[in-house]
Amino acid sequence: MKRTNTTPITSFFPKKHHNDDAQSHRSSSPLDEPTEIEEPQHGDTEIGTSSHLSKEPILDRLTDFDVISLPYDPGLRRKLTDFHINDRDIIRREYVRRGPCQPRDHKFPKTKRNFVVAWFDKFKPWLEYSKEKDAAFCFVCYLFKSESVSGGETFVNGGFRTWSKTDAFNKHVGNHMSAHNNAMKNFDVFNKQKSSIMRCFENYTKEAKNDYRIRLEAAIDALRFITLQRLTSRGRDESDESLNQGNFLELRKTFAKRDSNVARALFDKKVPGNCTLIAHGIQKQIVSVFAKETTKKVLEELHGGFFGILADESADIADKEQMALCLRYVDYKTGEVKERFLGIVHVGDTTSLTLKAAIEKLLGANSLTLSSVRGQGYDGASNMRGSINGLKTLIMKESPSAYYVHCFAHQL
Ligand SMILES: [Zn+2]
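Going letter by letter, the sequence shown gives residues 124 to 535 in my numbering.
Rendered as structure tokens:
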């Protein structure tokens, strides 16, 4: 979530409890606590009063941090309507996650009468206590009471603390049409919505995950075959009408013929168009994963030992210079001498300095260094073998034991 400016956290707290508001609500609410409930006296007037807190509505969207920083104590909360309309469900979810504020271990201030912990059990789903205000609040009415339904305001705005009037709790609950019970219904709907959405999501993802895995495995198997056989993956005409869509797409069809589950996962109409895993970009990504895995295997065989490098450069069809690099090493497990391709890189030019930098970079990308090089083999080009500025000399300056052996094929 993004906000244009920052709202101080203190602004989430109510500034002042308007007695006149409470009065008018009380008198106009037939379903609310009876009017004889005493308006909080002396100390009660401080309920909800905090001169440093602003009552300005919060028009900016809340950040995630703002949401987790919402005050737990009901006496410190702002009205839900003070928040941006799109944030209200987020706030509801956060408070439902926390549950009603019921500080059972609190030492309730002893006066003639005081709050009784047992009330938490009797009115468990909704009764809250504010340590800050020494007052009782209704959790459900705060979050879910409709603006258009009057009644129950005492337990939302300012809080209730006339402890002698214990029947006020039952009166707040009221009959099945009361504001509180309406809020309870909204609360139930909210919880059901949440659980049904979660269930749908879980079911959907389980099936979708399974199908996705089948599509991914089909793509990997097809590309593994194609790269091993050095075939092209794309077809000349990959359209649905084509009689030959190319190796990759045709292999998928072959897989589908052998297994109905694969056929469904690959070719069902419900397969999301953005998740077919046949795009050329995806194919390239999978092949580059093959390359990474292969290199990993090579490095395991090398096991941090010494190695020789074999390099050659050439221009490709677009006249861009490229350099291929192979490693020659002893497999630390079998003792066999192996030559393995490490990578191919574009180089700006073919001067020995550029090539050395490219080799160093490619080795570095695989956690190898020039200091472990114990042999070099190139063709006879002067930039490579030149005794003054050749690549071989540059590398020998860093690793004196990197002896040069002229490419045997060239010698022959
Ligand atoms: Zn209520």
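All C-beta atoms in this analysis are idealised placements derived from N, C-alpha and C, irrespective of residue type, glycine included.
From a predicted model like this one, the values you see are computed outputs, not experimental measurements.
Annotation for residue 519: the continuous alpha helix (DSSP H) segment containing it runs 514-521. Checking the DSSP bridge columns, you'll see residue 445 partnered with 437, 469. Annotation for residue 252: the continuous beta strand (DSSP E) segment containing it runs 250-253. In summary, residue 359 is exposed, with fewer than 16 beta-carbon neighbours lying within 10 Å of its beta-carbon over all protein chains present. For the pair residue 363 and residue 485, the Cα-to-Cα distance works out to about 41 angstroms. Taking 7 angstroms as the cut-off, the Cβ atoms of residue 252 and residue 262 do not count as close. Exclusion of the five residues before and after residue 467 leaves 445, 446, 447, 448 as the residues of its chain whose Cβ lies within less than 8 angstroms of its Cβ. Using a C-beta cut-off of 8 angstroms, the region 510-527 makes contact with the region 487-499, since at least three inter-stretch Cβ pairs fall below that distance. Separation of the CB atoms of residue 500 and residue 431 is rounded to 6 angstroms, and the pair is thereby assigned contact status at 8 angstroms. Taken through DSSP and simplified to helix, strand or coil, residue 463 comes out as strand. When the Cα atoms are used, residue 380 and residue 416 turn out to be separated by approximately 30 angstroms. Short of 7 angstroms from the beta carbon of residue 483, and not among the five residues preceding or following it, lie these beta carbons of its own chain, in chain order: 493.
Burial is judged here by how many other beta carbons sit within 10 angstroms of a residue's own beta carbon; residue 197 has at least 16 and is buried. Residue 523 and residue 351 have their C-alpha atoms roughly 38 angstroms apart.
Counting only heavy atoms of ligand 1, the residues whose C-beta sits closer than 6 angstroms to one of them are, along the chain, 249, 261, 263, 264, 275, 278, 295, 303, 306. Note on geometry: alpha-carbon atoms of residue 297 and residue 304 lie some 7 angstroms from one another. In the three-state DSSP reduction, residue 430 falls in the strand class (E or B). DSSP, read as helix, strand or coil, puts residue 421 in helix.
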